[in-house]
Structures are given as structure tokens and as C-alpha cells.
Amino acid sequence: MHSNRYCNRIIVLPFSVLLEIRVKPDNSGVVTDGVKHSMNPFCEIAVEEAVKLKEKKLIKEVVAVSCGPQQSQETIRTALAMGADRGIHVEVAGKDYETLGPLQVSKIMAALAKKEDAQLIILGKQAIDDDCNQTGQMTAALLDWPQGTFASEVSLDGDKVKVVREIDGGLETIKISTPAVLTADLRLNTPRYATLPNIMKAKKKKIANVKPADLGVDLTSRLEVLKVEEPPQRQAGVKVETVEDLVGKLKETGRI
Amino acid sequence: MIKKSTNLCKITETTSSAAAVDGVLSAFRSICGDDGVSLGETVREQHGKDESVHRCRPPDVVVFPRCVEEVSALAKLCHRHQLPIIPFGTGTGLEGGVGAVKGGVCFSLRNMDQILDLHPEDFDVTVEPGVTRKALNSYLRETGLWFPVDPGADASLCGMAATSASGTNAVRYGTMRENVMNLEVVLADGSVIHTAGRNRRPRKTAAGYNLTNLFVGSEGTLGIITKTTLRLYGVPEEMVSAVCSFSSVQAAVDSTVQILQAGVPIARIEFLDEVMIDACNKFSSLSYPVSPTLFLEFHGSERSLEEQVNTTEDITQSNGGSDFQWARDAETRNRLWKARHDAWYAALAMRPGCKAYATDVCVPLSRLPHIIVETKEDLIESRLTGHIVGHVGDGNFHCLMVMDPSDQDELHRVHLFSQRLARRALAMDGTCTGEHGVGLGKRSLLCEEVGPSVIRVMQSLKDAIDPNNLMNPGKILL
Chain A
13 MHSNRYCNRI
23 IVLPFSVLLE
33 IRVKPDNSGV
43 VTDGVKHSMN
53 PFCEIAVEEA
63 VKLKEKKLIK
73 EVVAVSCGPQ
83 QSQETIRTAL
93 AMGADRGIHV
103 EVAGKDYETL
113 GPLQVSKIMA
123 ALAKKEDAQL
133 IILGKQAIDD
143 DCNQTGQMTA
153 ALLDWPQGTF
163 ASEVSLDGDK
173 VKVVREIDGG
183 LETIKISTPA
193 VLTADLRLNT
203 PRYATLPNIM
213 KAKKKKIANV
223 KPADLGVDLT
233 SRLEVLKVEE
243 PPQRQAGVKV
253 ETVEDLVGKL
263 KETGRI
Chain B
7 MIKKSTNLCK
17 ITETTSSAAA
27 VDGVLSAFRS
37 ICGDDGVSLG
47 ETVREQHGKD
57 ESVHRCRPPD
67 VVVFPRCVEE
77 VSALAKLCHR
87 HQLPIIPFGT
97 GTGLEGGVGA
107 VKGGVCFSLR
117 NMDQILDLHP
127 EDFDVTVEPG
137 VTRKALNSYL
147 RETGLWFPVD
157 PGADASLCGM
167 AATSASGTNA
177 VRYGTMRENV
187 MNLEVVLADG
197 SVIHTAGRNR
207 RPRKTAAGYN
217 LTNLFVGSEG
227 TLGIITKTTL
237 RLYGVPEEMV
247 SAVCSFSSVQ
257 AAVDSTVQIL
267 QAGVPIARIE
277 FLDEVMIDAC
287 NKFSSLSYPV
297 SPTLFLEFHG
307 SERSLEEQVN
317 TTEDITQSNG
327 GSDFQWARDA
337 ETRNRLWKAR
347 HDAWYAALAM
357 RPGCKAYATD
367 VCVPLSRLPH
377 IIVETKEDLI
387 ESRLTGHIVG
397 HVGDGNFHCL
407 MVMDPSDQDE
417 LHRVHLFSQR
427 LARRALAMDG
437 TCTGEHGVGL
447 GKRSLLCEEV
457 GPSVIRVMQS
467 LKDAIDPNNL
477 MNPGKILL
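Chains as they are written, first to last, in the working numbering: chain A, 13 to 268; chain B, 7 to 484.
Given below as C-alpha cells:
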């Protein structure tokens, strides 16, 4: 497998995020009913990168995987419309979905990667609703695969992948062997818009249904959400007429 | 106790208006909440100007309704107290349309920002005034649809309907006139109408007077647009951009006419004169030949694009066009078109510290070379810095003039030049405004353009719909 001139299969994991955030009245979470979902922006970039690699004929097949309730299928369809070849919907609903976190998802991804014999897994670096930034790294650890995270440039070179990573100090270039896990950062590419003809073609592409139990994955969460609350309301500022008033107010509130 | 703004009396041009406004402020607050009414000087100034050179004319008060019921209630109040009403979208207009020349109440509609009723299979969507064109297209991403009308600014779609806006791809997708299917409008007395009937969105209709297109382009003088139903299009499968230089304006325009005659469904065809190209080269560090240039864009499937580009290249070559470059991938396309995108800033950069003003005439295609040549001669004679950028496929071009705001003589020369240019266009069977609207500055030109009998008809429509002239007074009609 490692001596192949090109990779065969990439798995991408597009996640959907809520477009509008409202905290539930009981502070136990955010409202998900009836709120529009959309593909996580970093996941869009991941799908785009996979499709680009396929267009360059460096890989043969792009598989889009999503974990969640029925709605996740829409996210997979979007990935298919962007150019993925087939999809896998891992059904997770109800209470299990509410507690679904990076650890569970990475276990699912690891199981699927082995089952599908994938050479590359590309994910968005983090979901913009929970900002965890853990799934890619955990998946790599579970599979004992190298990882290229925060990728702003990816190039395949035989059985190695060159990744330019965006880090605090600047850009870091690494070379890792396949199979590997990559996570996409903002500047990796600009995702294409799905066009109508491609959306039509996507309807004919296959999406397989899989249950976590079939993959031997235990979804029990090790985390318990205690409370979700909105950030405190910003207090209105106070306007004063003169500098003396300003100094007076600052003294009053004990600032000076 | 409401704190009175001491500047109210100074800024308002009619003190009777100021006193009346004072009396209804608490009524406004009871409709749209304490936060929904502003007397702040900065807020009023922000709502009294747009991106034109017209000076700021702040309203007496700005209200921020959240739904059509609030707009209607506020309008009823204004009607009872005879207060002028000025609708405000994004303030990105270019003809001073939001200036409150008689004071009054500015209705800032930005809080009504819902995208309603998307029907992808029917290619239509309804939006409120707070939705801008980029926000809509971002929302539509996953549907494979887009709304292509693209004036430079990220404008409110209802505002674009009010000004009959257009953009660089009108040659293929049309302007707002062709793409608004229905409007919800609040009239001066607070009554709410749906110009094509409530919820109706057939792709075509022969039912009654075309009220939808009466309100499109009415620039807030007939009612407040609170919803617009828009026609959507499929996102282009592929795009190709191209650039080509010519030795003369005539050659560039001849190519344009022939491209259209050949049936190429060209998406964008933009003309830049050599002064503009020179400015763009300097601003964006490019090296285009300094001569009349066409920027082209093609939309379609891979096979159709090949045919379009080949036909176009043949035509440009036969007109002596040179340096035909084209690109397919997004990055190279953007680089090719960078010159066109940065035109406004490139013009400004030629004389730092100056303001820019754009003319907007539109003439039949065949007259374009003639009018551009005469206009360039006029620019030289009037000692003005002017760059020509045109939506050549529509016969519409802008002369971007850069002027020193403190030089009264130069400002005067710009004003006279613009009048001459407008009259030149009228003499060639054209219009004084292809896409920016009449607003404050082109009211006399409108009279010259359509003639007194048409002005009488327009005035009688205005009198019928807004008998007290409360809706954006001082615009379009003298």
C-alpha cells in the first residue's frame, strides 16, 4: 500500500453547525429544534481539499462521513455536490447526539478508517460551535497515524504528505507518511459553491447507513455538561459632560 | 423626561417640522421600544448621507422598526403629523437619495433582516430590507443558486429594488427591474400592499397594472419597501475570465457589439480606457498595455465555455485586439480582473486627499465610441482628472472623476462637465442615469430626458399615491 504512486482513498468528516445560537431556557444546552444547520466552514475547506486532490488525479475516491441524526445526510449531500464520491451516515440521535463529542467521533472515524482502508483522513480543524479542536488529533492517536494539523498547504509526494501548518510563530512545514490525518485551517483553500447540475448528480450518489454499534464503538460520554449560559450582558456606558465629572466618576467607582 | 437635542433646531431646515417631531417621540418609542428611536447627533448624521458627494442632510430622528407592523404604525403616526419619511437601507447609494432635505423621520430598516420563503425548485426567495446581497448569496451557498445583480457595494436588496440597481453582469442576468417579482410596500398612510398580490410569485403575469415595476426605482418616493421577492439563478458551473487590449475605443466597442451579435451569452464585458488602465497598473503593480481594454467573463459548462472563448477570441483578433489572456482557476481569474475591481481606489490613488465622483450615462451601443471620444476631449479641455470604466455590453459607462474638495473652481468644472455629459447622452437617445438613479442631483436632467408630459404623468402618480409628499421629499421630482 505504501509503495503505490498515489493514495487511493480519502475520508472527509464534514460536520454541521447551527446557524443561530440560543441558549435553552433551562441552561442545559442550546436550542437545536428547527434551527438551520450548515456545514462547518473548516469542514467545507477539508472537503474542497479532498476534491481538489481527486481532480489532480492524486487520489481515487473521496468518502464523506457524517455522524448525527437524519439532518446530517444533508451535510453529506453538500459534500457529494462538491465532488465527494459516496457518503457514510453514522446514525447518532437523541440523547447520544447531545453528548456526542470529539472522543466518540474519533473512535467512529478510527473504526471506519480501518474498515474502508483509507490512506488519508481530512477534517476541519475545529467545529465553530464547540471550538474543541480535538477530533483530528484524537483520531490520529487512536489509529497511531501521523497528523498534520492546521494545514494551510497540502501536497502529496509519493507515499508522503508535505503539510505547511499555521502556528503562532509563523509557518511550519512537515513531511509525514501516509496513512495520515490532516486538519484544515482557514487559508488552505476557498471552497467551491455547489452548482445545480452537481447537486442533481449528488442525489444519485450512494450514502450508506451505519450504526456506531456496528463499528463496535461505545458512545458513552466521559463528560457531563453542567451548565450553558450566555455571556453577561454588556452594561451601557455612562456619558459625562466634563473632565472633572469623569475624574469624579472614576473616583466614585474606586478605579482611581 | 426626554432630553431634547439642542442641535435639532439648528439642523432642521423648517422649525415647524422640529416641533411636530418632538410631540410624537414617545409615541414612536411605544411602537419600536426605547432602543428603537434615536435622537443622537452621530446616528442622525450617519443616516443623512450615503456614498455620494452630496452633503449630509440629517433627519430629525431615526427609528428602527423590527417588523412590517411597526413600519406601518410608525408611518401612520408620521402621516397624522405630516412628517417626512425617509427609508434607509445600507446608505450605499450614489445620488444623495437618503438626505432628509425637509427633516423628518428616517426609517432605518436594518433590524428587519430575515430571509423568508426560499423556494429552490421555483428559483425565488423573499427577503426583508436588512438583508444585503452578499448575505443572501452566502445563505444560498448550499442550494446551488445565487442572486447575480451586483452593484459595487454590499447593498440592501430592498434598497437595490428601490433604486433599480444594476451591476457588472446585467448584460446576462438583467437589472433589478427584471428580477423583482413582488414587493411588500408600506405607503405614506401606513397601509400595506403587495404589488403582485400577497405571497404571489408566478414567473410571469399579465394581471393588471405593473405596480411592482412602478415601485422599483421609485427611490423611496412612493412607499417603504419591506419585502422583496427575487428571481434566483443557478450558480455558474464554470467561469472563465479574459482580458484583451485594443488600439482604439472604436475597436473595443465594435468587438463588444459583434460578441453580442454572435450570440455569446457573455456574463460580463467591461471597458477601461487607457487613463484608467494606467491608474490600475500603478495602483495594483500590474503591467497591462496602456490602451483601451476589455475585461470579459464567461459562465457555463466546460464545453460551452470553450466555444464562447474561441468565438470571442476570433472576434477580438479581427478587430486588432492583442494580448488576449484568459484564465479558469479562481486565483488567476481574480488576478486578471484585479485591475477592474480596484478601479475606484486606483482612481483615488492618482490624487491622494481627493474625493471621487462617478457619472452614469447610458446610450445605445452604437453611439458608445462617439460619446466616449467626445467625453475624453471634454475632460482634457476642462482640465479634469477622469477615468472611464464601462459596462460596455449595456452601453453604460462611468467617468470616475477625482477632484480636490477644497478647490471650488474644480468642483464647478466637474459639475458643468457632468451636465454636458448627461446632455450629450440624451442627444444620443440615451439616459442621464443607467444605474445610480436620479436622487437629488439629476432632477432637472430627468425633466429634459422624459419631457414635460411624462413628468406630468409621473407627478400625478406621485400625487395619487403620496398626496402629502411625505415619502422622501425632494427626490426624483422637482
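Ideal Cβ positions, reconstructed from N, Cα and C, are used throughout, including at glycine.
Quick caveat: nothing in here was measured; it's all calculated off a predicted structure.
| said: My output table needs one value for glycine 326 (chain B): the three-state DSSP class, helix, strand or coil. | reply: coil
| query | In the region 201 to 212 of chain A, which residues sit with their C-beta less than 8 Å from some C-beta in chain D, listed in chain order? | reply | Looking for chain D here will not work: the only protein chains present are A and B.
| Would DSSP call valine 131 (chain B) helix, strand or coil? | strand
| Test item: CB-CB of lysine 481 (chain B) and glycine 95 (chain B) under 8 Å | no
| Taking C-beta to C-beta, are glycine 223 (chain B) and threonine 169 (chain B) nearer than 8 Å? | yes
| said: Could you tell me the alpha carbon to alpha carbon distance between lysine 223 (chain A) and lysine 127 (chain A), rounded to whole angstroms? | reply: 14 Å
| task | Buried or exposed for cysteine 204 (chain B), please, with buried defined as at least 16 other CB atoms from any protein chain shown within 10 angstroms of its CB. | result | In the sequence on display, residue 204 (chain B) carries arginine and not cysteine. Classification for arginine 204 (chain B): exposed.
| At which residues does the alpha helix (DSSP H) containing tyrosine 205 (chain A) begin and terminate? | Here tyrosine 205 (chain A) belongs to no alpha helix (DSSP H), and DSSP marks it neither H nor E.
| request: Can you check DSSP and say which residues form a bridge with aspartate 169 (chain A)? | output: A:Lys172
| field | Under 8 Å between C-beta atoms of phenylalanine 113 (chain B) and valine 67 (chain B) | value | no
| task | Evaluate lysine 448 (chain B) with the Cβ neighbour count: other Cβ atoms within 10 Å of its Cβ, from every protein chain shown; 16 or more gives buried, anything less gives exposed. | result | buried
| request: Classify proline 64 (chain B) as buried or exposed, calling it buried when 16 or more other Cβ atoms lie within 10 Å of its own Cβ. | output: buried
| task | Just confirm the distance between the C-beta atoms of valine 240 (chain A) and asparagine 39 (chain A), as a whole number of angstroms; I'd bet it's less than 8 Å. | result | 6 Å
| Any C-beta of chain B sitting closer than 8 Å to the C-beta of threonine 147 (chain A)? | no
| Taking C-alpha atoms, which residue in A:Leu92, A:Leu112, A:Leu262 and A:Glu184 lies nearest to proline 81 (chain A)? | A:Leu112
| task | Could you pull out every residue in the same chain whose Cβ sits closer than 6 Å to the Cβ of alanine 58 (chain A), ignoring the five residues on either side in sequence? | result | Val24, Ile134, Leu135, Gly136 and Ala196
| field | Residue ranges of each alpha helix (DSSP H) within the region 346 to 414 of chain B, 4 or longer | value | 349 to 355 and 374 to 387
| Under the rule that 16 or more other beta-carbon atoms within 10 Å means buried, what is glycine 249 (chain A), buried or exposed? | exposed
| message | Determine whether the beta carbon atoms of asparagine 3 (chain B) and phenylalanine 277 (chain B) lie at a separation below 8 Å. | response | Since the first residue shown for chain B is 7 and the last is 484, residue 3 (chain B) is missing from the structure and cannot be characterised.
| Between the Cα of valine 6 (chain B) and the Cα atoms of B:Glu127, B:Ala212 and B:Leu238, which residue gives the shortest distance? | Coverage of chain B is limited to positions 7 through 484, which leaves residue 6 (chain B) absent and any answer about it impossible.
| field | Within the region 129 to 197 of chain B, ranges of the alpha helix (DSSP H) (whole runs, at least 4 residues) | value | 139 to 145, 163 to 168, 176 to 179 and 182 to 185
| Heavy atom of the ligand ATP within 7 Å of valine 369 (chain B) beta-carbon | This structure lacks the ligand ATP, and indeed carries no ligand of any kind.
| said: Given this structure, state the Cα-to-Cα distance separating isoleucine 211 (chain A) from proline 126 (chain B), to the nearest angstrom. | reply: 12 Å
| Any C-beta of chain B under 8 Å from that of threonine 90 (chain A) | yes
| query | Along chain B, which residues have their Cβ under 9 Å away from the Cβ of serine 84 (chain A)? | reply | Those do not exist, as serine 84 (chain A) stays about 14 Å from chain B at its closest Cβ, beyond 9 Å.
| message | I want to see whether chain A comes within less than 8 Å of alanine 336 (chain B), judged by CB atoms only; does it? | response | yes
| query | Of all Cβ atoms in chain A, is any one closer than 8 Å to the Cβ of isoleucine 482 (chain B)? | reply | no
| field | Separation of lysine 263 (chain A) from glycine 392 (chain B), as counted between CA atoms | value | 57 Å
| Looking at the C-beta of serine 167 (chain A), does it have a partner C-beta in chain B at a distance below 8 Å? | no
| request: Would you please state the rounded distance, in angstroms, between the beta carbons of glycine 99 (chain B) and glycine 445 (chain B)? I believe it to be under 8 Å. | output: 7 Å
| request: May I ask you to report which of helix, strand or coil DSSP gives isoleucine 22 (chain A)? | output: strand
| Nonlocal neighbours in the same chain, by C-beta distance under 8 Å from glutamate 271 (chain A), ignoring five residues either side | Look at the range of chain A in this structure, 13 to 268, and you will see that residue 271 (chain A) is not part of it.
| task | Identify the continuous alpha helix (DSSP H) that holds asparagine 219 (chain B) and give its terminal residues. | result | 217 to 221
| Run of the alpha helix (DSSP H) containing glycine 106 (chain A), from where it starts to where it stops | 106 to 110
| query | Once you ignore the five residues that flank isoleucine 37 (chain B) on each side, which residues in its own chain have a CB closer than 7 Å to its CB? | reply | Glu76, Ala79 and Leu80
| By Cβ distance below 6 Å, which residues in the same chain neighbour leucine 124 (chain B) in space, the five residues on each side in sequence not counted? | Val131
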